[in-house]
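Quick note, the sequences are listed as chains D and E, same order. Under our numbering, the residue at position 3 of the first sequence is numbered 3, and the numbers go up by one with no gaps. Heads up: take any position in the second sequence, counting from 1, add 109, and you land on our numbering. Heads up, the beta-carbon is just placed ideally off N, CA and C, and yes, glycines get one too. Here the structure is a predicted model, which means the values were calculated and not measured.
2 protein chains.
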Amino acid sequence: MTTDHVFTALASPARRELLRLLLDEGAQPAGRLAERFDMSRPSVSEHLRVLKDAGLVAESRKGRERHYRLEAGPLMEIRDWLTPYERFWRERLAALTTLLDEMEDDDVS
Amino acid sequence: MTTDHVFTALASPARRELLRLLLDEGAQPAGRLAERFDMSRPSVSEHLRVLKDAGLVAESRKGRERHYRLEAGPLMEIRDWLTPYERFWRERLAALTTLLDEMEDDDVS
DNA sequence: TTGATGTGTAGGAAAAAACCTACGTATAGT
DNA sequence: ACTATACGTAGGTTTTTTCCTACACATCAA
Numbered sequence: 001m002t003t004d005h006v007f008t009a010l011a012s013p014a015r016r017e018l019l020r021l022l023l024d025e026g027a028q029p030a031g032r033l034a035e036r037f038d039m040s041r042p043s044v045s046e047h048l049r050v051l052k053d054a055g056l057v058a059e060s061r062k063g064r065e066r067h068y069r070l071e072a073g074p075l076m077e078i079r080d081w082l083t084p085y086e087r088f089w090r091e092r093l094a095a096l097t098t099l100l101d102e103m104e105d106d107d108v109s
Numbered sequence: 110m111t112t113d114h115v116f117t118a119l120a121s122p123a124r125r126e127l128l129r130l131l132l133d134e135g136a137q138p139a140g141r142l143a144e145r146f147d148m149s150r151p152s153v154s155e156h157l158r159v160l161k162d163a164g165l166v167a168e169s170r171k172g173r174e175r176h177y178r179l180e181a182g183p184l185m186e187i188r189d190w191l192t193p194y195e196r197f198w199r200e201r202l203a204a205l206t207t208l209l210d211e212m213e214d215d216d217v218s
């Protein structure tokens, strides 16, 4: 459940697709999720486990089905990690904008 | 330079550490960056290449040195990817807060 | 109780990633 | 020109990841 686990979980396109499905369509049993993939059901099951270890999904047993639901909390760690870079990016962008403005002034004069 | 490349690049702790160094200490030659790692210099070089392929760093040759600098732009793709989940997370949190408020009201009565 | 259904787990093959030690190449300094 | 320095690349090994096909286990339905 560390930040490292979350980054690792997000590195796989299949796992990001799983998260997207849970976001757009809500909680679903494992089998229904697996149908959407060009991959064996057990493989999807393993991806779900990686997501669960990262705290990104939670399961609840309904009869013989297991419903998986999105747990977006850990994604906020990613957002927090991103924050200082966002500031950096904004500063660079601001500098670039200033530069372009100056160039435009030169053109006019 | 796709979003997938960016996610993959961020999956490695060593690469995230490289980005952090470039953020905190500014652009640096490859060798100076490599000194900070418990890893051979060529390995660090490969990590830098992965970051470069993802568009997260750029290099500029200064004499026989190669300075690497942070390119935070692609990280904004991650932030954008995160956005819908952030909304989801906020809604869940709001629901939880409401529930806790109601429980508190019950206690008082 | 028996058979079908929904899932996770085991075990193993194949692909990808992460390392390493040479080695090649270019620039700097003498 | 020659040597030292700063790198990237080649080639190969080890580890990790990904995916598969059985198989085991629990639940539902008859």
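- When the Cα atoms are used, D:Leu-70 and E:Arg-125 turn out to be separated by approximately 26 Å.
- Per DSSP, D:Ala-58 lies in no alpha helix (DSSP H); the unbroken beta strand (DSSP E) holding it starts and ends at 57 to 62.
- Linking D:His-67 to D:His-47 through their CA atoms gives a straight-line distance of about 14 Å.
- As the crow flies, the alpha-carbon of D:Gly-63 is around 11 Å from that of D:Pro-29.
- In this structure the region 112 to 126 of chain E does not lie against the region 28 to 43 of chain D, because fewer than three pairs of beta carbons, one per stretch, are closer than 8 Å.
- Under the Cβ distance rule, D:Pro-29 does not count among the residues neighbouring chain E, no pair being separated by less than 8 Å.
- DSSP lists D:Arg-61 as the bridge partner or partners of D:Arg-66.
- At a cut-off of 8 Å between beta-carbon atoms, D:Ala-72 makes contact with chain E.
- Here D:Pro-13 is exposed. Its C-beta has fewer than 16 other C-beta atoms within 10 Å.
- Contact with chain D is absent for E:Phe-146, since none of that chain's Cβ atoms lies less than 8 Å from the residue's Cβ.
- A residue is called buried once 16 or more other Cβ atoms fall within 10 Å of its Cβ, and D:Leu-93, having fewer, is exposed.
- When DSSP states are grouped into helix, strand and coil, E:Pro-193 belongs to the helix group.
- Counting only Cβ-Cβ distances below 7 Å, E:Leu-209 has no contacts in chain D at all, with the closest Cβ about 16 Å away.
- Around E:Ser-169, the same chain offers His-176 as residues with beta carbons nearer than 6 Å, after the five sequence neighbours per side are excluded.
- Within the region 7 to 54 of chain D, the runs of alpha helix (DSSP H) at least 4 residues long that lie entirely inside it are, in chain order, 13 to 25, 30 to 35, 41 to 53.
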